[in-house]
Amino acid sequence: MIIGNNIIMKLMEDKDIQYKVKWVNDEEIRDVLISDFISESQTRQWLSKNAHNNTRRDFFIFLKEDEKPIGFSSLKNIDYINSKAEMTLCIGDKEVRGRGLAKEARGLMLDYAFLELGLNKLYTHNWVKNKPIINLNQKMGFKIEGTLRQNKFFKGEFRDFVVMGLLKSEWVEQKIPK
Numbered sequence: 001m002i003i004g005n006n007i008i009m010k011l012m013e014d015k016d017i018q019y020k021v022k023w024v025n026d027e028e029i030r031d032v033l034i035s036d037f038i039s040e041s042q043t044r045q046w047l048s049k050n051a052h053n054n055t056r057r058d059f060f061i062f063l064k065e066d067e068k069p070i071g072f073s074s075l076k077n078i079d080y081i082n083s084k085a086e087m088t089l090c091i092g093d094k095e096v097r098g099r100g101l102a103k104e105a106r107g108l109m110l111d112y113a114f115l116e117l118g119l120n121k122l123y124t125h126n127w128v129k130n131k132p133i134i135n136l137n138q139k140m141g142f143k144i145e146g147t148l149r150q151n152k153f154f155k156g157e158f159r160d161f162v163v164m165g166l167l168k169s170e171w172v173e174q175k176i177p178k
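Read left to right, the sequence shown gives residues 1 to 178 (UniProt numbering).
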């Protein structure tokens with residue numbers, strides 16, 4: 001469990017699946033995640049398969065005040081040899097957006113990955129039109145490393161993805177009071 005000022009992050013459990021399915025199947029969210037529709041049974045199988053997979057950590061995000069589920073965040077493709085992992089984040093509950101919770105969740109995951117797991121680099125792949133997450137990543141210190149052109153075919157078109165990365169040294173440096 002990871003505890004922040006306003007949120008708690010817990011490893012994903014079976015009881016969380018209904019929320020993930022609801023959010024991922026929401027048209028607006030699906031469009032920025034570039035995700036296919038998912039079912040509860042598919043997601044249950046996926047969670048069961050990945051529950052003990054040491055190359056990923058899948059967290060559910062809850063409001064601290066009432067433990068209401070609001071989203072999910074993952075570290076995936078964890079590569080301990082090269083000391084890196086890919087990050088994902090989704091605030092599925094639209095009612096809590098704009099309160100800085102995505103920034104808090106991202107910061108908690110960065111601390112977890114760099115300080116607990118000892119990784120050296122984190123990276124993201126985001127659709128170039130997903131400006132909110134790109135802007136958040138930049139505020140958190142991520143640098144644009146490149147564009148994966150026509151990387152995924154979705155809704156009848158090829159979509160470009162921006163690759164962003166953050167090094168542990170950069171994260172630690174920006175956390176030091178100036």
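Don't be surprised by glycine CBs; every beta carbon is placed ideally from N, CA and C. Values in this document were obtained by computation on a predicted structure and should not be read as measured data.
Beta-carbon proximity check, residue i vs residue j, cutoff 8 Å
{"i": "K20", "j": "T55", "result": "no"}
{"i": "K143", "j": "G165", "result": "yes"}
{"i": "F59", "j": "K68", "result": "no"}
{"i": "I91", "j": "L75", "result": "no"}
{"i": "I119", "j": "S83", "result": "Just to set this straight, residue 119 is Leu in the shown sequence, not Ile. Yes. Within cutoff."}
{"i": "K175", "j": "L136", "result": "no"}
beta-carbon residue i near the ligand NAP non-hydrogen atom, thresh 7 Å
{"i": "L63", "result": "With respect to small molecules bound, the structure shown includes none, and the ligand NAP cannot be examined in it."}
DSSP state of residue i mapped onto helix, strand, coil
{"i": "V96", "result": "helix"}
{"i": "G165", "result": "strand"}
{"i": "G107", "result": "helix"}
{"i": "E67", "result": "coil"}
{"i": "F114", "result": "helix"}
{"i": "A102", "result": "helix"}
{"i": "L33", "result": "helix"}
{"i": "K129", "result": "coil"}
{"i": "E13", "result": "coil"}
{"i": "K155", "result": "coil"}
{"i": "L119", "result": "coil"}
Nearest to residue i (by Cα), restricted to the options the options
{"i": "R149", "options": "M140, K139, V162, G156", "result": "V162"}
{"i": "I39", "options": "D31, L115, G98, Q18", "result": "Correcting the residue identity first, residue 39 is Ser in this sequence and not Ile. When each option's Cα is compared against that of S39, the closest is Q18."}
{"i": "Q45", "options": "M1, E28, D14, R57", "result": "D14"}
{"i": "E80", "options": "N53, E95, V96, I2", "result": "It is Tyr, not Glu, that sits at residue 80 in the sequence shown. Among N53, E95, V96, I2, the Cα nearest to that of Y80 is on N53."}
{"i": "E65", "options": "I134, R30, V96", "result": "V96"}
{"i": "L11", "options": "E27, R57, T147", "result": "R57"}
{"i": "E28", "options": "K94, M1, E157", "result": "K94"}
{"i": "G141", "options": "T147, E173, S41", "result": "E173"}
Same chain, Cβ closer than 8 Å to residue i, neighbours up to 5 away in sequence not counted
{"i": "K22", "result": "G92"}
{"i": "A105", "result": "G4, I7, M9, I61, G71, S73, L89, I91"}
{"i": "A113", "result": "L75, A85, M87, L119, L122"}
{"i": "K139", "result": "K103"}
{"i": "E145", "result": "Y123, V163, M164, G165"}
{"i": "K168", "result": "F114, L119, N120, K121"}
{"i": "R99", "result": "N6"}
6 Å CB neighbourhood of residue i in its chain, flanking five on each side removed
{"i": "K152", "result": "I34, R159"}
{"i": "D16", "result": "F60"}
{"i": "I133", "result": "N126"}
{"i": "M1", "result": "K10"}
8 Å contact criterion, which residue i and residue j should meet: CB distance rounded
{"i": "N50", "j": "F37", "result": "Their Cβ separation, rounded to whole angstroms, is 19 Å, which puts N50 and F37 out of contact at 8 Å."}
{"i": "residue 221", "j": "W171", "result": "What is shown of the chain runs 1 to 178, which leaves residue 221 out entirely."}
Sequence-distant residues of the same chain with beta carbon closer than 7 Å to residue i, five excluded per side
{"i": "N77", "result": "T55, A85, E86"}
{"i": "V32", "result": "W127, N130"}
{"i": "F154", "result": "I34"}
{"i": "R30", "result": "V24"}
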